[in-house]
Each structure stands twice: as structure tokens, then as C-alpha cells.
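In the UniProt record's numbering, the protein residues as written are 1 to 361. Built from N, CA and C at the ideal position, the CB exists for glycine as well. Scroll down for the structure; my scribbles are underneath it.
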Ligand SMILES: CC(=O)N[C@H]1[C@@H](OP(=O)(O)OP(=O)(O)OC[C@H]2O[C@@H](n3ccc(=O)[nH]c3=O)[C@H](O)[C@@H]2O)O[C@H](CO)[C@@H](O)[C@@H]1O
């Protein structure tokens with residue numbers, strides 16, 4: 001057994017950073033290490049972390065870099081320095097041996113603080129096209145861990161290891177389809193589509209799904225709208241749509257995945273790591289305003305492997321969505337092949353790989 005370590009995991013700002021951070025924390029704890037997670041003060045982080053009462057969370061201010069070089073850089077730099085100083089205090093008090101940042105500018109101050117205090121420092125990036133904060137941090141941290149091989153060229157000169165993106169431990173033991181269907185009150189024998197809009201907004205996609213679901217009464221839809229869009233989508237669905245279940249936010253993804261045959265979703269890296277871990281086929285509709293269009297790059301990896309159909313939102317209408325779902329559900333072998341291709345992209349032991357790197361440096 002390696003010596004026990006104290007590890008800080010910086011994973012604030014969005015579910016796409018937080019959940020892989022939680023997965024690393026769960027595995028680290030399982031191995032007997034002590035962990036603290038640094039998340040942002042944003043409501044989305046508070047809600048997403050609520051379920052993990054057995055883990056120790058601290059909050060730091062959320063930091064977003066201005067898109068262009070302007071006078072706004074001054075308050076950004078000031079906040080960065082102030083937050084780094086706060087993080088130094090937290091790290092010193094905890095006695096951190098290692099700090100890993102899971103992406104986003106909110107993860108930058110903790111990793112900077114770790115570097116200044118002489119701790120081992122790491123970044124993990126789950127995307128095919130890594131974020132700016134991680135590319136910056138990578139230049140001076142000890143090791144860069146990536147979710148997909150496609151990200152490697154963006155880290156020239158760094159020591160890079162492909163670990164995959166860790167998924168939360170509850171996804172290791174997904175209930176049976178019948179049990180989950182019973183709990184959800186849906187029919188296990190009916191083809192089921194899960195719709196995931198991602199954390200940043202999917203108003204148009206949500207509305208297209210409402211229309212498409214109406215045209216496919218034989219298919220069940222479980223639709224995660226996001227808290228912000230729930231009431232609007234509910235109005236659009238109206239009464240009497242027995243095949244269309246709306247959920248604002250789900251704290252038990254394992255249950256939903258257990259009854260899912262096909263996912264229609266944004267192509268955020270954490271969601272992709274989960275559906276590939278479980279071997280689910282998908283129709284991917286990248287968030288059109290994601291930085292550097294990185295969600296399209298993520299989706300292209302899945303499309304190239306025949307694990308997914310990639311559709312840009314600007315080209316999509318309800319009719320083409322119906323055609324895609326009907327074509328996939330009308331060809332059982334295609335669905336099986338897509339699911340197998342998705343599974344082949346998943347990295348089952350990503351959490352173990354990340355933890356081994358941290359333990360061994
Ligand atoms: C708009 C944007 O820039 N989003 C980025 C953000 O991800 P963002 O947070 O948008 O989305 P991801 O798909 O990566 O992660 C969503 C996570 O939330 C979970 N979930 C979702 C809905 C729900 O009701 N319950 C629930 O638990 C999913 O299971 C998943 O674990 O960071 C990711 C990782 O860098 C990027 O790949 C995304 O492109």
C-alpha cells in the first residue's frame with residue numbers, strides 16, 4: 001500500500017467538472033487517502049454536491065476569464081490572485097500533498113496555490129479539445145491527464161497520460177432495467193430515449209424533442225430539461241403526453257441510464273464518458289456556443305467510431321430527429337453495433353488510473 005496522501009480536487013463551475021472530481025474523490029477515499037473537494041459558490045455546484053455528504057467540500061469564488069483582452073482582464077487578474085491566496089490558506093491548513101484541477105478557470109487558483117506550496121500538481125481534461133485554463137495550467141504542473149487521445153496534441157512539452165474520464169461510483173452498479181423501470185413507473189418493454197440538455201442550456205433542443213415525442217407515441221421519453229427550462233417545457237408538453245416524462249434535474253442518473261436504449265444529448269465530456277462507460281448509443285447535438293466549439297470535437301470522436309449520430313442544432317428540426325430515432329430503433333443490429341462502439345470508447349478503470357498517477361508521483 002502506498003503511503004496515505006492528502007489530495008485536493010478542484011472541480012467547481014459545472015457538472016462536467018464536478019462529477020469526475022467526485023469520482024476521483026470516491027476512489028481516493030476507497031484507497032485510504034484523505035480528500036477535499038474545492039467547488040465554486042455557484043448554485044449548480046451546491047445542488048450537484050448535496051448528494052455526496054460523505055465527502056468534504058470547500059467553496060472558492062467562481063472565476064471566468066474575459067473572452068477578449070480588455071480592461072476586464074484587470075478585475076479577473078485581481079480575483080485570480082485573491083482566490084489563489086485564499087486557496088493557499090486552505091491547502092496549508094489541510095496539509096495537501098497533491099492538487100488536481102478538473103478544468104475551468106475556477107480550478108486554476110487551487111492548482112497555482114498547490115504549486116507555490118510545493119505540492120504535486122495535476123490537471124485532468126476530459127475533452128477532445130481541451131479548455132484554455134487547462135492548457136495554461138499544463139505548462140507548469142507535474143502531469144497532464146486526459147480523457148481522450150485526441151487531446152494529446154494540445155499539450156506539447158507536457159508529460160501526458162491518457163486515463164479516460166472517471167465516472168461516479170454509483171454508475172458501477174446500475175440497477176436492472178426491470179427494477180429501474182418499476183421505480184420510475186415506466187414500461188421496461190418499450191423503447192426508451194433519454195434526453196440530456198447539459199448544464200448550459202438547450203432551449204431549442206428541448207422544444208424539438210417535445211415535437212418529436214408527439215410524433216412517436218410508441219417511444220418513451222425521459223427528458224432532463226435543466227431547472228431553468230422545466231416550466232417552459234412543461235407548458236409545451238401540455239396534458240396527456242403519457243410517453244413524455246419531464247425531470248428538471250436528476251440526482252440518480254444510474255436509474256435513468258438503466259432503462260435507456262438511446263440518448264439524445266449535448267456532447268459534454270462527462271456525459272459522454274458516462275454513456276460510453278455504460279455502452280449507450282446516442283444522437284449528439286453539440287452546444288453551439290461552447291468555447292472553441294469543443295463539443296463538436298467531442299461528438300466527432302463518437303461519430304467516427306460509429307457510436308453516435310452527430311447533428312448540428314442549426315440543421316436539426318423535429319422531423320429529422322424523428323427520422324434519426326426511427327431509423328436507429330428500426331434496425332436492432334445497428335443499435336447493438338452503436339452500443340458496442342460506444343462501450344469500446346469508454347475507459348472502465350479511469351478512476352483507478354487517475355489515482356495511480358497521483359499516488360505514484
Ligand atoms: C456548455 C459547456 O461548455 N459545457 C461543458 C461542461 O460540461 P457540462 O456541465 O455542460 O456537461 P457534461 O455533459 O460534461 O456533464 C454533465 C454532468 O451532469 C450530470 N447530470 C446531468 C443532468 C442531471 O439531471 N443530472 C446529472 O447528474 C451528468 O450525468 C454529467 O455527469 O464541462 C465539460 C467538461 O469539461 C465540457 O465537455 C462541456 O462542454
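{"Check": "Roughly how many angstroms separate the alpha carbons of residue 175 and residue 258, rounded to a whole number?", "Outcome": "6 angstroms"}
{"Check": "Only counting runs of 4 or more residues, tell me where the alpha helix (DSSP H) segments fall wholly within the region 271-340, in order along the chain.", "Outcome": "294-304, 318-329"}
{"Check": "Quick one: does the C-beta of residue 245 sit closer than 7 angstroms to a heavy atom of ligand 1?", "Outcome": "no"}
{"Check": "Would you check if the distance between the CB atom of residue 96 and the CB atom of residue 6 is smaller than 8 angstroms?", "Outcome": "yes"}
{"Check": "Alpha carbon to alpha carbon, what distance is there between residue 263 and residue 338?", "Outcome": "11 angstroms"}
{"Check": "Say yes only if the C-beta of residue 308 is nearer than 7 angstroms to one or more non-hydrogen atoms of ligand 1, and no if none qualify.", "Outcome": "no"}
{"Check": "Is any heavy atom of ligand 1 found at a distance shorter than 7 angstroms from the C-beta of residue 17?", "Outcome": "yes"}
{"Check": "Does the separation of the CB atoms of residue 282 and residue 342 fall below 8 angstroms?", "Outcome": "yes"}
{"Check": "Which partner residues does residue 122 have in the DSSP bridge list?", "Outcome": "100, 143"}
{"Check": "Can you look up residue 58 in the DSSP assignment and give me helix, strand or coil?", "Outcome": "strand"}
{"Check": "For residue 314, which residues in the same chain have their Cβ closer than 8 angstroms to its Cβ, ignoring the five residues on either side in sequence?", "Outcome": "288"}
{"Check": "Would you check if the region 36-56 and the region 124-144 touch, i.e. whether three or more CB-CB distances between them fall below 8 angstroms?", "Outcome": "no"}
{"Check": "Going by DSSP, what residue range makes up the alpha helix (DSSP H) through residue 149?", "Outcome": "It is not in any alpha helix (DSSP H) - residue 149 carries neither H nor E in the DSSP assignment."}
{"Check": "Report, in whole angstroms, the separation of the C-beta atoms of residue 204 and residue 221, which I expect to be a contact under 8 angstroms.", "Outcome": "About 16 angstroms separates the two Cβ atoms, so there is no contact after all."}
{"Check": "I want to check one thing, is the minimum distance from the CB of residue 131 to the heavy atoms of ligand 1 below 7 angstroms?", "Outcome": "yes"}
{"Check": "Please determine, among 217, 318, 71, 247, the residue with the shortest C-alpha to C-alpha distance to residue 240.", "Outcome": "217"}
{"Check": "For ligand 1, is there any heavy atom lying closer than 7 angstroms to the beta carbon of residue 148?", "Outcome": "no"}
{"Check": "Taking the beta strand (DSSP E) that residue 192 falls in, what are its first and last residues?", "Outcome": "192-196"}
{"Check": "Looking at the secondary structure, which residues open and close the alpha helix (DSSP H) in which residue 28 lies?", "Outcome": "15-30"}
{"Check": "Using alpha carbons as the reference points, say which of 10, 32, 92, 250 lies closest to residue 99.", "Outcome": "10"}
{"Check": "If I measure Cβ to Cβ from residue 206 and keep anything under 7 angstroms in the same chain, skipping five residues before and after, which residues do I get?", "Outcome": "197, 225, 229, 233"}
{"Check": "Quick check: the Cα distance between residue 35 and residue 307, rounded to an integer number of angstroms?", "Outcome": "35 angstroms"}
{"Check": "Is residue 141 near ligand 1, judged by its Cβ being under 7 angstroms from some heavy atom?", "Outcome": "no"}
{"Check": "With respect to 7 angstroms, is the separation between the Cβ of residue 11 and the closest non-hydrogen atom of ligand 1 below this value?", "Outcome": "no"}
{"Check": "Is any non-hydrogen atom of ligand 1 found closer than 7 angstroms to the C-beta of residue 249, if you look at the structure I gave you?", "Outcome": "yes"}
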